[in-house]
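Structure first, commentary second.
Residue numbers (the numbering used here), protein chains in the order written: chain A, 13 to 126; chain B, 400 to 509.
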């Protein structure tokens, strides 16, 4: 069976510091990978998605970036965090099946920028 | 732009009191409608995918239905462990993105 991991689980960072969140998927190959952010009381917002290594699309202009150094590894980064970057970050994966991608989510990372 | 609106925002139920959650959507060609359950501080847990109007799916006390404009999640005889936030999302044709509603937070009292 497939599993998805995220770390760290929680993170408190000062404004202006760098960020690196990691996501890995086990039990599948060549998954589609996604980064979402969830703000309190709001729906999930897609930040990035990747359909393969070196194939990453950005949905929202911001000071965040994403990389996919390996097939089942997805990294979310920032050079300088802003207060507005605080939130719950979720990684998800999917496979093309029956013309519809069901996305499965990881446990999330709670980021607080002070 | 795809839009998803969930109502009510919050729902408080007595154990055994059945109710329904609504998800209204606007999408240019529906590829799939998804329901997730999210517990506090955790990632969303997949419940159902619905593909076309008239489709229904069930899982334990939950039943999801779909029309051309909305979906309902029916909770029959809920238990306290059904307390969670329920999220609805749509995916348009030829798109990888899921557009989510803000969710309905359900609290079931014993």
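Glycine is no exception: its CB is placed at the ideal position from the N, C-alpha and C atoms.
{"Check": "Per DSSP, what kind of secondary structure is residue 96(A) in: helix, strand or coil?", "Outcome": "helix"}
{"Check": "Just mark residue 27(A) as buried or exposed, buried being the case when its beta carbon has 16 or more other beta carbons within 10 Å.", "Outcome": "exposed"}
{"Check": "If residue 88(A) and residue 76(A) are in contact, beta carbons under 8 angstroms, what's the gap, nearest whole angstrom?", "Outcome": "6 angstroms"}
{"Check": "So is residue 82(A) buried or exposed if we call it buried at 16+ other beta carbons inside 10 Å?", "Outcome": "exposed"}
{"Check": "Which residues in the same chain as residue 477(B) place their Cβ atom closer than 8 angstroms to its Cβ, once the five residues preceding and following it in sequence are excluded?", "Outcome": "412, 414, 415, 416, 417, 418, 460, 505 and 507"}
{"Check": "What does the Cβ neighbour count give for residue 72(A), buried or exposed, with the cut at 16 atoms within 10 Å?", "Outcome": "exposed"}
{"Check": "Excluding the 5 residues flanking residue 481(B) on each side, which residues of the same chain have their C-beta closer than 7 angstroms to its C-beta?", "Outcome": "460, 474, 505 and 507"}
{"Check": "Does any CB atom of chain B fall closer than 8 angstroms to the CB of residue 101(A)?", "Outcome": "no"}
{"Check": "Quick one: which chain B residues come within Cβ less than 7 angstroms of residue 49(A)?", "Outcome": "Within chain B, no residue comes near residue 49(A); the closest Cβ sits about 11 angstroms away, beyond 7 angstroms."}
{"Check": "Between the C-alpha atoms of residue 494(B) and residue 119(A), what's the straight-line distance to the nearest angstrom?", "Outcome": "24 angstroms"}
{"Check": "Buried or exposed: residue 93(A), going by 16 or more other Cβ atoms within 10 Å of its Cβ?", "Outcome": "buried"}
{"Check": "Using only alpha-carbon positions, find the residue among 458(B), 479(B), 449(B) and 402(B) that is nearest to residue 465(B).", "Outcome": "449(B)"}
{"Check": "Which whole-angstrom value is the C-beta distance of residue 37(A) and residue 65(A), which I expect to be below 8 angstroms?", "Outcome": "Between residue 65(A) and residue 37(A) the Cβ distance is about 13 angstroms, and since that is not below 8 angstroms, they are no contact."}
{"Check": "By Cβ distance below 7 angstroms, which residues in the same chain neighbour residue 99(A) in space, the five residues on each side in sequence not counted?", "Outcome": "49, 50, 51 and 123"}
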